[in-house]
Each structure stands twice: as structure tokens, then as C-alpha cells.
Amino acid sequence: MPAQNTSRAPRELTVDDLRTRLEAHGQGHVLAHWDRLDAPGRDRLMAQLTRLEPELGGLVEAFRDAASQEAASEQIQPAAAIALPEHGGDPGEAEAARKHGERMLEEGRVGVFLVAGGQGTRLGFPHPKGCFPIGPVSDRSLFEIQAQKIRGIVRRTGRALPWYVMTSDATDAETREAFASHDCFGLPSEDVHIFQQDMVPAFDFDGRLILESPDRVFENPNGHGGALTALEGSGALDDMERRGIDTLFYYQVDNPLVRIADPTYLGFHALRGAEMSCKVVRKQDPMEKVGVVARVGDRVGIVEYTELRDEERHARDENDQLRYWAGSVAIHLLDTSFVRRVAADAYRLLPFHLSAKKIPFVGDDGQTNAPAEPNGYKLERFVFDALGEAREVCVVETTAAEEFFPVKNASGTDSAETARAALVAQYKRWLAAGDIDTPAGDIEIDHSIIDGPQDLEAAGIHDLTSAGDAIRIAGEGRG
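Residue numbers (my numbering): 28 to 506.
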């Protein structure tokens, strides 16, 4: 006779259970409007609080730790970096790295990880930023141009290059619809994995959760550092393990010039035995608002521009170059085993940082208010905090003209206008390197066919007339 199963399903939490647990963390006020809620409203709040409650103690403690954190006072030194040849780098070492990186791609050891949780609010674009039209001639979206680059690598290597796309609560549904309506932008659906990053509640200045409506606690995405825990929690790391992927290329959606899975970068990362790597651009202006990669104590980290002392910000070497020149562009490589290790100890290795914001809140009358001044803190994790855990970090120089022109603002610096101009300038440099005359106006290149001057010869393109739709020219009816 089989043994009798005496196990019982866990008892469903009641509102009194939740009230007791919330009050233990000083958060009982989130049930202040319970009596005025209708049944659907109570269900919504119960579902949210039941989800949040297991992590609430850790979040409250993380908030207190972050609020009491004093600015780091450790001495910093410039981090060692692999410079471009024009700045003293070894061309032979770079070529060896490129060949090694190509082998990694051909062996299927690389995955591509896109952080795509941002909306185009600052662009005046009420949709996921990845849907923003950026093609100089075709108005192709950021998603489509990046998919072209992946397709080009797949064509050249003959191996799948899986694309892991992390959304947020605000962008998930529209992102999935965009990929579905465009047939995954030409990539096999089994090689595209979309998952959502975690949300985290905000706190007022006294450390109390903020109700944005009587039936909802305010939550925001947990920052780009939450990408590492989302990879673990979503099963993406398990998928990589099944595929034999050991290296992950990380980038953010708003950079149309990003060189996805750059083989030279991959090779440097692997040959240096790095667990995490950073690409950097050379700062020209000490007041540039970009974090710099530096050695902080005995570890490599990123020092935000607001944290640099004046003497560090303006310090120059014997060649009159900035000592702290290595500006981070949020392009990383991470070993998948390293991601697992960091995600398993996230509260310590990816601490929450506080950002004072204007957060909608409910008054005593149950009405939602929009504050005129910051009234609380959003909690965010930073992916670069993981650098301090890496046993070895590799820092590789690139140029903004070739790899970093983000789309952030509606006009001016880092706008769609400047990014499109940078794309056009890059395309024309590629054609000039192939001795192909270029027109005066805007042009656009299909990255699945041409993703650098080296691809022109391979594609049999010797002039514009032989390019077909691989090169589109404004005003010629092919855009």
C-alpha cells in the first residue's frame, strides 16, 4: 500500500496575516484604505502585497543601508586599459584577440543581452525606446538595426547568436508585440528570449512604502543591475548553459552604433581571463558627465562623475592627457558563471542605490497626488557594482564615433538627430575605406550585409550601383 500523503498546501494568507507581517516591518500603513476598497481593489492589493512580503524585510534593510551610506572616500588610481593603436595599443595583440573572438562566435559560445526596459519619454515617444525610428533613410527602429547586426554575425559564422531581451513592466507588452509583428526582425524565434526585469517598491524619506493609489504600492524597475538577477530568475542562464554559451555581451537599447559581439573585444576578454569587461571612450573634457573606470582600492570599479574630486577630475599625466580618461559606455562582457555567482549574492554584491524622485502618492482622502518636489526614493541596482566581485576585469578602449552615440533626448546632445548623423558619418567612412564614392546626403546601410568596411569586398560591392538595397540613399526611392 502506498504511503499516505499527509502534506498540505500552504495556507493562503489572509489580510490579517499580511497586516501582522507588514506591521513587523513598519509598513502597516499600506492597508490604511482597505475598508474603502471594493472587492477587485482588495484582490489587486492582496496579490501585490503577497508578492512583495517575502522580500520586504530585505528591502527595508537595503533601504536603511543605502540611506546611511556615506560617500566612498577610498583613494582611486587609473585602471589599466587596452588602448587603441593610435594611443599606443599593440595592433598585433588586437589581431590575435579578433581571431580568438571569431572562434568563440563560430563555436556558439556567445549570447547577446539587451537591456530594453526604457521608454522614450525624454524623446517625446510614448513607446519602448527600442521601437524608436532611427534609420537615417528607412526609419528602421533601434530593435531592427540591432537585429540586422546579429543576423550579419550569424551569416558570417554559421552559428546561432541567441538574443536575450530584458524588458520592464512599462515596455514588456509593446516589445513582445513589436517582435511578433516583425517576425523577430528576421531572427529565428527560438533564438529570441524576452523576459521582464523585477520591480521594486519605492520608499518615502522616512522609509515607508508609498501608495500610489489606495489599491497599489508604487513600484519601479530595479535598475540595470537588476539585469543580472533577472537572467537567473527568468531561466535565461539555464538556456545559455544548455546551448554551451559561456560569455554574454551586454548593452543598452538606446545606442544604435553599438558593435554587437565585437570579436576583438570578446578575444581580449577571454585571453585576459576576465570575468567582466568594460568598453570605454577617451574623455576629452574633464567636465564630461560620464562615469570613469578606475581602480578603487584594490578593485576595478566605475566612479560616477559626481563622485570625482576636483583634483582627480582635472588631473593630467606627463603627456598632458587626462589621468582619468576611461569613460564608461555601458558595454560589458560577462562570464555566465560570474553572473550566477553575483545573482546568488545580490543583496551584498548589487546593493540598492537611492534616487530622490517625485513619486505619486495617496492622501488621507484616498486621492492620488502629484508632488511638486521629490518626496521619496526609488531603489536601483547598478550593473557595474558587479565589477568589484570579478577576479579579473578587462578594460578596452573604443571611440564614440564608431560605437557610442546614444539616443536619449528630444533635441541637442544625445538626440535622435545626433545619432542619425553619427550613423551616416560611420557609413560614409566605411564606403571611403572601400574606395566607394558617396553622395552628399543621407545614406543607410543594411548591417546584416555590411557591418564594416571589411564586408564590402565579401559582398561584392564596388560601387553604389552594385549595392542594391544594402545601401539606401535619401531621395532615390529606396528608403
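Cβ coordinates follow ideal geometry from the N, Cα and C atoms, glycine included.
Secondary structure of residue i, DSSP reduced to three states
i: Y454; result: helix
i: K306; result: strand
i: T194; result: strand
i: F140; result: strand
i: G506; result: In this prediction, G506 scores a pLDDT of 41, lower than 50, which makes its location untrustworthy; the coordinate-derived value is nonetheless stated afterwards. Coil at G506, not helix or strand.
i: T33; result: Annotation note: pLDDT 43 at T33 (below 50); position unreliable, coordinate value reported separately. It is coil, neither helix nor strand.
i: M28; result: In this predicted model, M28 has a pLDDT of only 34, less than 50, meaning its place in the structure is not dependable enough to derive any value.
i: E334; result: helix
i: E39; result: coil
i: T465; result: coil
i: E407; result: strand
i: R517; result: Nothing about residue 517 can be read from this structure; the chain reaches only from 28 to 506.
i: R167; result: coil
i: G162; result: coil
i: G328; result: strand
i: I358; result: strand
i: F365; result: helix
i: V57; result: helix
i: A383; result: strand
i: P401; result: coil
i: P153; result: strand
i: A342; result: coil
i: A370; result: helix
Distance, residue j Cα to residue i Cα
i: L49; j: E80; result: 7 angstroms
i: N402; j: K384; result: 6 angstroms
i: A110; j: E120; result: 11 angstroms
i: M73; j: I177; result: 43 angstroms
i: G145; j: V320; result: 24 angstroms
i: F90; j: P398; result: 21 angstroms
i: R167; j: T291; result: 27 angstroms
i: Q311; j: G439; result: 19 angstroms
i: N32; j: A66; result: Model confidence at N32 stands at a pLDDT of 44, short of 50, so the residue's coordinates are unreliable; what they give is reported in the following sentence. Roughly 35 angstroms between the two C-alpha positions.
i: H380; j: R408; result: 6 angstroms
i: A207; j: P155; result: 15 angstroms
i: L132; j: A486; result: 20 angstroms
i: D391; j: E88; result: 27 angstroms
i: K455; j: V227; result: 44 angstroms
i: Q453; j: A428; result: 7 angstroms
i: F232; j: D362; result: 38 angstroms
i: G300; j: R350; result: 25 angstroms
i: L252; j: F411; result: Strictly speaking, residue 252 in this sequence is Gly, with Leu absent from that position. Going by the C-alpha atoms only, they are around 7 angstroms apart.
i: V42; j: D70; result: 10 angstroms
i: V366; j: T465; result: 44 angstroms
i: R130; j: I500; result: 35 angstroms
i: R125; j: I477; result: 18 angstroms
i: T184; j: D344; result: 42 angstroms
i: A106; j: V181; result: 34 angstroms
i: G328; j: E416; result: 10 angstroms
i: R78; j: L40; result: 11 angstroms
i: H127; j: I287; result: 16 angstroms
i: P248; j: S195; result: 6 angstroms
i: N436; j: G147; result: 9 angstroms
i: V285; j: E424; result: 13 angstroms
i: H489; j: G262; result: 46 angstroms
Proximal residues to residue i (C-beta, below 6 angstroms), its chain only, five neighbours per side dropped
i: D199; result: Q223
i: H519; result: Past the edges of the chain, shown from 28 to 506, lies residue 519, and the structure says nothing about it.
i: G157; result: A143, L169, F170 and V280
i: R368; result: none
i: D482; result: none
Cutoff 7 angstroms; reference residue i; Cβ partners in own chain excluding five residues on either side
i: V451; result: P163, D469 and I470
i: R46; result: G55 and L58
i: Q498; result: The displayed chain sequence assigns Ile, not Gln, to residue 498. I470, I472 and L491, listed in sequence order.
i: A11; result: In the structure displayed, the chain extends from 28 to 506; residue 11 sits before or after that span and is not available.
i: A257; result: M193, F222, Q224 and D225
Nonlocal neighbours in the same chain, by C-beta distance under 8 angstroms from residue i, ignoring five residues either side
i: I161; result: R167, S168, L169, I172, P283, V434, A443, A446, R447 and L450
i: A94; result: G234, L381 and Y404
i: P215; result: A187
i: R509; result: Summary: the structure shown does not reach residue 509, with the chain confined to residues 28 through 506, and so no result is reported for it.
Beta carbon proximity, residue i to chain D, threshold 8 angstroms
i: Q348; result: Among the protein chains of the structure shown there is no chain D, as only one such chain exists.
Segment contact, 8 angstroms Cβ cut-off, at least three pairs: the stretch 114-130 with the stretch 142-151
no
Can you confirm whether the stretch 268-278 touches the stretch 415-425 when touching is taken to mean that 3 or more C-beta pairs between the two stretches lie within less than 8 angstroms?
With the cut-off at 8 angstroms, the stretch 415-425 and the stretch 268-278 do not touch.
Between the stretch 369-376 and the stretch 185-200, are three or more C-beta pairs nearer than 8 angstroms?
no
Any 3 or more C-beta pairs closer than 8 angstroms across the stretch 299-315 and the stretch 352-370
Flag = yes, the stretch 299-315 and the stretch 352-370 touch.
Let me know the beta strand (DSSP E) ranges lying completely inside the stretch 180-249, each 3 residues or longer, listed in chain order.
For the stretch 180-249, the continuous beta strand (DSSP E) assignments of 3+ residues that do not extend past its boundaries occur at 190-194, 219-223, 226-228, 238-240 and 246-248, in sequence order.
In the stretch 410-448, which residue ranges form an unbroken alpha helix (DSSP H) of at least 4 residues, counting only runs that do not cross its ends?
427-430
Any 3 or more C-beta pairs closer than 8 angstroms across the stretch 252-266 and the stretch 180-199:
Contact holds: three or more Cβ-Cβ distances are below 8 angstroms.
Give, in chain order, every unbroken run of the beta strand (DSSP E) that is at least 3 residues long and sits entirely within the stretch 78-151.
103-105 and 137-142
Could you name each continuous beta strand (DSSP E) segment of 3 residues or more that falls completely within the stretch 467-504, going from the start of the chain to the end?
470-472 and 498-500
Curious, which full-length beta strand (DSSP E) runs of at least 3 residues does the stretch 245-301 contain?
246-248 and 274-279
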